[in-house]
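Novice:
Numbering (the numbering used here), first residue to last: 110 to 252.
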């Protein structure tokens, strides 16, 4: 189990902090809960006050990261990230990833292998939005 301090950054204090934290943590948030991911994505697009945005974002992420990822959200996040990579990789890499993805079940089995492979591919193919994601830096050694 991952310690909570490995999951989330320091609390946001401004809208800019929220936006920067969201950019880095959105896939990690998605892994924990698609529902919370969607709620926070909408929050960032809303016209709520800075105070309300910061408060809501901090409360939601603190509550989210105090628990464990939802198994279905973990699996769906793996497929979502694969969607960013599948058109970039070689046939051999596709075959390997299909094998890893096929072996996923609704438990934690296989997630560290998939994250490790994703990370290698993201580095190899220089996928900027994923390179900057805390999904890998905060979970690879803890999955």
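Every residue, glycine too, gets a C-beta built ideally from N, C-alpha and C.
If I'm right that residue 187 touches residue 210 with Cβ under 8 angstroms, what's the distance once you round it to whole angstroms?
Specialist: On the chain shown, position 78 is the one that residue 187 refers to. On the chain shown, position 101 is the one that residue 210 refers to. The pair is a contact, with the Cβ atoms about 7 angstroms apart (cut-off 8 angstroms).
Novice: Pick helix, strand or coil for residue 155, following the three-state DSSP scheme.
Specialist: Here the question's residue 155 lines up with position 46 in the chain shown. Correct three-state label for residue 155: coil.
Novice: So the alpha helix (DSSP H) residue 179 belongs to, where does it begin and stop?
Specialist: The residue you call residue 179 lines up with position 70 of the chain shown. Here residue 179 belongs to no alpha helix (DSSP H), and DSSP marks it neither H nor E.
Novice: Rounded to whole angstroms, what's the CA-CA distance from residue 141 to residue 200? Just pull it up for me.
Specialist: For the purposes of this step, residue 141 is identified with residue 32 of the chain shown, where counting begins at 1. For the purposes of this step, residue 200 is identified with residue 91 of the chain shown, where counting begins at 1. Distance between the alpha carbons of residue 141 and residue 200: 30 angstroms.
Novice: Just to check my reading of the structure: residue 128 and residue 153 have Cβ atoms closer than 8 angstroms, yes? What is that Cβ distance to the nearest angstrom?
Specialist: Here residue 128 refers to the residue found at position 19 of the chain shown. Here residue 153 refers to the residue found at position 44 of the chain shown. About 6 angstroms; that satisfies the 8 angstroms criterion.
Novice: Counting along the chain, where does the alpha helix (DSSP H) carrying residue 213 start and finish?
Specialist: On the chain shown, position 104 is the one that residue 213 refers to. Per DSSP, residue 213 belongs to no alpha helix (DSSP H) and is neither H nor E.
Novice: Can you find the residues in the same chain that come closer than 7 angstroms, C-beta to C-beta, to residue 193, ignoring five residues on each side of it along the sequence?
Specialist: Working through the chain shown from its first residue, we reach residue 193 at position 84. Contacts found: 236, 239.
Novice: Only counting the same chain, and skipping five residues up and downstream in sequence, which positions put a Cβ closer than 8 angstroms to that of residue 155?
Specialist: Taking the chain shown and counting its residues from 1, one reaches residue 155 at position 46. Contacts found: 162.
Novice: Near residue 182, what residues of its chain come up, given a Cβ to Cβ distance below 7 angstroms and the 5 sequence neighbours on each side ignored?
Specialist: As a first step, residue 182 is located in the chain shown; it is residue number 73 there, counting from the start. Closer than 7 angstroms at the Cβ level, and outside the excluded window around residue 182, lie 139, 140, 141, 142, 143.
Novice: Can you give me the C-alpha to C-alpha distance between residue 232 and residue 170, rounded to a whole angstrom?
Specialist: As a working note, residue 232 is residue 123 in the chain shown. As a working note, residue 170 is residue 61 in the chain shown. Their Cα atoms are separated by approximately 27 angstroms.
Novice: Write down the C-beta distance between residue 242 and residue 121 rounded to the nearest angstrom, noting that I regard them as a contact closer than 8 angstroms.
Specialist: As a first step, residue 242 must be located in the chain shown, where it is residue number 133. As a first step, residue 121 must be located in the chain shown, where it is residue number 12. About 17 angstroms separates the two Cβ atoms, so there is no contact after all.
Novice: Can you find the residues in the same chain that come closer than 6 angstroms, C-beta to C-beta, to residue 110, ignoring five residues on each side of it along the sequence?
Specialist: Counted from its first residue, the chain shown places residue 110 at position 1. Any answer about residue 110 is weak, because its pLDDT of 34 lies below 50 and its placement is not dependable; what the coordinates show is given next. Closer than 6 angstroms at the Cβ level, and outside the excluded window around residue 110, lies no residue.
Novice: State the start and end residues of the unbroken alpha helix (DSSP H) segment that holds residue 197.
Specialist: Within the chain shown, residue 197 is the residue found at index 88, counting from 1. Here residue 197 belongs to no alpha helix (DSSP H), and DSSP marks it neither H nor E.
Novice: Taking C-beta to C-beta, are residue 136 and residue 234 nearer than 7 angstroms?
Specialist: The sequence position of residue 136 within the chain shown is 27, counting from 1. The sequence position of residue 234 within the chain shown is 125, counting from 1. No; because the gap between Cβ atoms is not below 7 angstroms, this pair is not in contact.
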